[in-house]
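Protein chains in written order, with this note's numbering: chain A, 1 to 383; chain B, 1 to 372.
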């Protein structure tokens, strides 16, 4: 409350009563409007199922064309290393032009070529294996290259074990992937998806509903009653907040029991951070709708400022540190960025306070700022 | 016939006016695709150019320094800390300050000289395991360079088998080359489809649709009048992204514009057909909005833009058969990067044509059905 006469107890009691009445009215409205239930519960369920199963960056069963120009036993042994690997699904191809056509038609992702002088040069100690990958999907291409290196490494180690000329590389890399030992991409994709889904439904719930009230003029009808604008905002937010939390429950349940993503942090931190984020997402919707007051524009704007940025700029898929300074600056303005950092840590690493505290603080500041500015915009619209 | 064309043109003009007369909605159709493609063009890349790492060097030898110099000189790895104790390692990973923590054991140089093989131990932050995997890949390249250098300097024989890898169509394996052509379809899909889906629903909600019905327009003329403005908006948006890709990001265009636009128009037609079908089914704007959202999100995420289609379970791969964006992204990438012609693109073109024909036919059936 701003400066003014100290409110007597009865004024507070009245205020509470008005808010309670509003919340009740809004709750009825939500429960009787199938579209809010659909956005709040059905939408998250469908989205998390579709994306949880559909998105994966794991590379397995890569179709490869194996061009054998050398029939020696060494070459056959090397081909065997590819045929036995779970990562590749090689098919032997007779000639290079044939393999190139398969690559162009994207029937295979790469060509491994064992040249005709392979055995000869291997004996001399400087053989090479030609690998051509389709570069269109650069990420996948890079992973395939490293898997081929790996398969060749296994083959070399085997040769050493069989008593061929011993060659240990001077330096070997021993790497461990913390928090995701099995290198399963759904471990980081599913928490990111929760962010996407919550961003969208939070923003949509309020922006669509409020814009519709502005369009139909029912909000003006509320203004002539004794309720204040902050009370309207509170009354509007609370039911949708609960609906958003139900959507969150659906997502977390799916993450835990369907996709088996470990929750290594505490449920309380997850819940607290998520409540803050739902508030922020609702706030964005409120602000957009009280600003444009038009369902068509409000829905498009919500989609533009929430979904695509949360997809591209939140660190859910792409590494934030590698973005240019200007783009990184934009990501700091995005609430999704902080929530992604929180969820990835809470799910996979545990309660890491050095990540949790700063990110939650930023979300709290954002929620407050959004609430205050929606109120300001609404007040301005009234006059 | 001419009268029908004139009527369609008149309706198109009216629709365009309805969309473009408001400055806010005019801007909201033209600016976002260009701004988004600029920002996302920089953001949407799996390539790393900044990998912060910490190192615990227990050897402090010339060789270990030489290895680290190789890392620091790569322009990608940035050393943020020299650790003193093993117990410090986890703090740097946990707090996300470092993506990698390296440990060089005390017997590093001794084992190198002995020829018994030294180890470089690395811990990577797997909270985004894809990023971690790429960083480890870069590191392994540097280790290989180090090995080759060591072998040369100490007159050791070269590695018995070397893999000579090359990438076609994208020699430097830049994700950006792959992402930005894919965005031509993605960024135009969202607004084109929403615009179409909302257009009839809005008229119905405001009651102007009934007025339209008492005019001499036939149902298919109304549909054409609704579809043409969206086609125009979609084409302009796609062109905007294409211009950004060529003029700003300077990605070389290998194919023919005619092929690209032929594919894009088929794609837009299919997207608009889906939008019109949704629009004819929805009673209110809110429903139209909800339906289109329910399709746009899966369409854009399950399109092969960021994750490969082949990684999906079979059931979902069947679902993507009705996703027009999937074909559009493939067309855009292959025309743009490989210079593919219409014959090679046939597997993408006919599903789009079928989708467009089916959805437009269904939409016009629902329209005329609802009128009676």
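Heads up, the beta-carbon is just placed ideally off N, CA and C, and yes, glycines get one too.
Please read these numbers as outputs of a predicted model, since none were measured by experiment.
For residue j and residue i, believed in contact at Cβ under 8 angstroms, the rounded distance
i	j	result
residue 76 of chain A	residue 96 of chain A	Residue 76 of chain A to residue 96 of chain A, Cβ: 19 angstroms. No contact.
residue 50 of chain A	residue 302 of chain B	7 angstroms
residue 139 of chain B	residue 100 of chain B	7 angstroms
residue 28 of chain A	residue 59 of chain A	Wrong, their Cβ atoms sit about 51 angstroms apart, outside the cutoff.
residue 223 of chain B	residue 364 of chain B	5 angstroms
residue 36 of chain A	residue 278 of chain A	About 14 angstroms separates the two Cβ atoms, so there is no contact after all.
residue 389 of chain B	residue 337 of chain B	Any property of residue 389 of chain B remains undetermined from this structure, which presents chain B solely from 1 to 372.
residue 231 of chain B	residue 190 of chain B	Not a contact, Cβ separation roughly 15 angstroms.
residue 39 of chain A	residue 232 of chain A	Actually they are not in contact, since the Cβ atoms of residue 39 of chain A and residue 232 of chain A sit about 20 angstroms apart, beyond 8 angstroms.
residue 347 of chain A	residue 263 of chain A	6 angstroms
residue 131 of chain A	residue 148 of chain B	Actually they are not in contact, since the Cβ atoms of residue 131 of chain A and residue 148 of chain B sit about 18 angstroms apart, beyond 8 angstroms.
residue 278 of chain B	residue 292 of chain B	6 angstroms
residue 304 of chain B	residue 329 of chain B	6 angstroms
residue 56 of chain A	residue 320 of chain B	That belief does not hold up - the Cβ atoms of residue 56 of chain A and residue 320 of chain B are roughly 14 angstroms apart, past 8 angstroms.
Proximity below 8 angstroms, CB of residue i to CB of residue j
i	j	result
residue 339 of chain A	residue 129 of chain B	no
residue 376 of chain A	residue 292 of chain A	no
residue 80 of chain B	residue 97 of chain B	yes
residue 83 of chain A	residue 113 of chain A	no
residue 133 of chain B	residue 183 of chain A	yes
residue 344 of chain B	residue 334 of chain B	yes
residue 323 of chain A	residue 42 of chain B	yes
residue 301 of chain A	residue 337 of chain A	no
residue 201 of chain B	residue 91 of chain B	no
residue 115 of chain A	residue 163 of chain B	no
residue 374 of chain A	residue 287 of chain A	yes
residue 297 of chain B	residue 318 of chain A	no
residue 263 of chain B	residue 196 of chain B	no
residue 274 of chain A	residue 234 of chain A	no
residue 161 of chain B	residue 127 of chain A	yes
residue 370 of chain A	residue 118 of chain B	no
residue 144 of chain A	residue 109 of chain A	yes
residue 341 of chain A	residue 315 of chain A	yes
Where the alpha helix (DSSP H) containing residue i begins and where it ends
i	result
residue 249 of chain A	229-257
residue 152 of chain A	138-161
residue 74 of chain A	73-84
residue 292 of chain A	267-292
residue 322 of chain B	No alpha helix (DSSP H) contains residue 322 of chain B, which DSSP labels as neither H nor E.
residue 142 of chain B	129-153
residue 15 of chain A	9-32
residue 23 of chain B	23-43
residue 293 of chain B	285-301
residue 66 of chain B	62-72
residue 41 of chain A	Taken as a continuous stretch (DSSP letters only), residue 41 of chain A belongs to no alpha helix (DSSP H), as it is neither H nor E.
residue 195 of chain A	186-216
residue 114 of chain B	108-114
residue 4 of chain B	2-20
residue 401 of chain A	For chain A, the structure presents residues 1 to 383; residue 401 of chain A sits outside this window and is missing.
residue 246 of chain B	Where residue 246 of chain B is concerned, there is no enclosing alpha helix (DSSP H), given that its DSSP letter is neither H nor E.
residue 337 of chain A	335-344
residue 100 of chain A	96-104
residue 328 of chain A	325-332
residue 279 of chain B	257-281
residue 94 of chain B	89-94
Residues that residue i bridges to, as DSSP identifies them
i	result
residue 110 of chain A	A:64 and A:133
residue 77 of chain B	B:51
residue 317 of chain A	DSSP, once it has assigned bridges, lists no residue as partnering residue 317 of chain A.
residue 82 of chain B	B:55
residue 127 of chain A	B:161
Residue interval of the beta strand (DSSP E) (run including residue i)
i	result
residue 175 of chain A	171-178
residue 168 of chain B	161-168
residue 92 of chain A	88-93
residue 305 of chain A	Counting along the chain, residue 305 of chain A falls outside any beta strand (DSSP E), and DSSP gives it neither H nor E.
residue 123 of chain B	118-125
residue 101 of chain B	100-104
At what residue ranges does the segment 183-241 of chain B contain a whole run of the alpha helix (DSSP H), taking only runs of 4 or more?
208-213
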